[in-house]
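Peer 1: Numbering that gives the first Met the number 0 applies: residue 0 is where the sequence shown begins, and numbers increase by one. Here it is, the structure in full.
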Amino acid sequence: MMATPYTLSDNHKERLRTLAISGAQNFKTRLSNKVFRVICEDHTTEDVRFFSADFKHLTGLYSNLGDEEFYNNCVNGTLDKGNIETMQKYEWQTLKRKGQDVERLYDLLSSDTEKTVLLNELETHTYTFPVAIKNPLLNMCVAFASDAHKARSMRKASNSLNATSTKKVLAIFAKQSYEPNFGEVVYMSDALNVFQGHEELLDSLNSTLQKEYSEQLQAQKK
Numbered sequence: 000m001m002a003t004p005y006t007l008s009d010n011h012k013e014r015l016r017t018l019a020i021s022g023a024q025n026f027k028t029r030l031s032n033k034v035f036r037v038i039c040e041d042h043t044t045e046d047v048r049f050f051s052a053d054f055k056h057l058t059g060l061y062s063n064l065g066d067e068e069f070y071n072n073c074v075n076g077t078l079d080k081g082n083i084e085t086m087q088k089y090e091w092q093t094l095k096r097k098g099q100d101v102e103r104l105y106d107l108l109s110s111d112t113e114k115t116v117l118l119n120e121l122e123t124h125t126y127t128f129p130v131a132i133k134n135p136l137l138n139m140c141v142a143f144a145s146d147a148h149k150a151r152s153m154r155k156a157s158n159s160l161n162a163t164s165t166k167k168v169l170a171i172f173a174k175q176s177y178e179p180n181f182g183e184v185v186y187m188s189d190a191l192n193v194f195q196g197h198e199e200l201l202d203s204l205n206s207t208l209q210k211e212y213s214e215q216l217q218a219q220k221k
C-alpha cells in the first residue's frame, strides 16, 4: 500500500518510458551480470553487482510488468507508457531524477574524480545498506543490498550521509560474473598509490593488467 500516491500524466509517463529504455540499454551493455571490485584508500576491497531483476526497483517505477519482463521490454525498446502505472510511490520530479541517474549509473563508477567514496552501513529510514557508492559532485548514490551487494536503490548523495564509515575510492575493476579475474579498468586514480606496498591486490587481476601494473611498480623502484 502506498502511503502517499502520486499521479503521473501521460506526458510524464512517456518521458519516464524513454529514460527507462535508455537506462536499461546502458545497464545491459555496461553493468548487467558483472562484478565490480572497489579498492578503497585503506586498501580494503568490496565487490558489488548489478542484476537485471533489480533494474525496475532502481528506477522507482510501479509497473504492470514483472521485474524481468519490465527490464527486457526496456532493453528491447518495447516498453509502452501503458506499462507504467498512473499511481506511483514517488512524485514526477523524483522519478525523473531516478531515471536520469540510472541512465548514467556507469558514470558514477567511472568518473575521473577524487570525490567518489564508498560507504559502509548506510542507514536510511527503511533499510541499512551494507555498501553504497556516492559522488557528491554528481549528487548520486547507489546503495547495495544483501550479502551479494546487489544494486538496489538510487539516492541523492546529499541524502546519503548516515554511514558508519566513508572511504575514498582509489580504483574500480570489473569482470563478467563467470570470469575468474578482473580485466576491465573502470576507474583508476594512481596505480602506484593503489598497488605499492599492496602487491597482493594484483592477484585478482588478469595477466594483462598484472603485467602492466607490475612493470609500473618495478620502474618506480629503479
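Glycine is no exception: its CB is placed at the ideal position from the N, C-alpha and C atoms.
Identify whether Asp46 lies in helix, strand or coil by the three-state DSSP scheme.
Peer 2: Asp46 falls in the strand class under three-state DSSP.
Peer 1: Just verifying my parser: in three-state terms, what is the DSSP assignment at Glu13?
Peer 2: Three-state result, Glu13: helix.
Peer 1: Under a three-way DSSP split, which group does Leu7 fall into?
Peer 2: Correct three-state label for Leu7: coil.
Peer 1: Just to confirm the assignment, what range does the alpha helix (DSSP H) spanning Ser170 have?
Peer 2: Looking at the sequence itself, residue 170 is Ala, so the reference to Ser does not match. First-last for Ala170: 164–175, but that is the beta strand (DSSP E), not the alpha helix (DSSP H).
Peer 1: Under 8 angstroms by Cβ, that's how I've got Val130 and Val168 pegged, so tell me the actual separation to the nearest angstrom.
Peer 2: About 12 angstroms separates the two Cβ atoms, so there is no contact after all.
Peer 1: Does Leu200 come out as helix, strand or coil in the three-state DSSP assignment?
Peer 2: Three-state result, Leu200: helix.
Peer 1: Between which two residues does the alpha helix (DSSP H) carrying Arg96 extend?
Peer 2: It spans 91–102 - the alpha helix (DSSP H) in which Arg96 sits, taken as one unbroken run.
Peer 1: When DSSP builds the beta bridges, which residues end up paired with Gln87?
Peer 2: Answer is Tyr5.
Peer 1: Counting C-beta neighbours from all protein chains within 10 Å, is the total for Asp100 16 or more, i.e. buried, or is it exposed?
Peer 2: The residue in question, Asp100, is buried, as its Cβ has 16 or more Cβ neighbours within 10 Å.
Peer 1: Taking the straight line between their C-alpha atoms, what separation do you get for Asn63 and Gly81?
Peer 2: Each residue's alpha carbon lies about 8 angstroms from the other.
Peer 1: In the DSSP assignment, what are the bridge partners of Ser145?
Peer 2: DSSP lists no partner for Ser145.
Peer 1: Compute the beta-carbon to beta-carbon distance between Glu102 and Gly22, rounded to the nearest angstrom, for a pair I have assumed lies under 8 angstroms.
Peer 2: Right, the Cβ-Cβ distance comes to about 4 angstroms (below 8 angstroms), so this counts as a contact.
Peer 1: Just to confirm my understanding: we take Met187, look at its own chain, exclude 5 residues before and 5 after, and list those with CB closer than 6 angstroms. What are they?
Peer 2: Result list for Met187: Ala170, in chain order.
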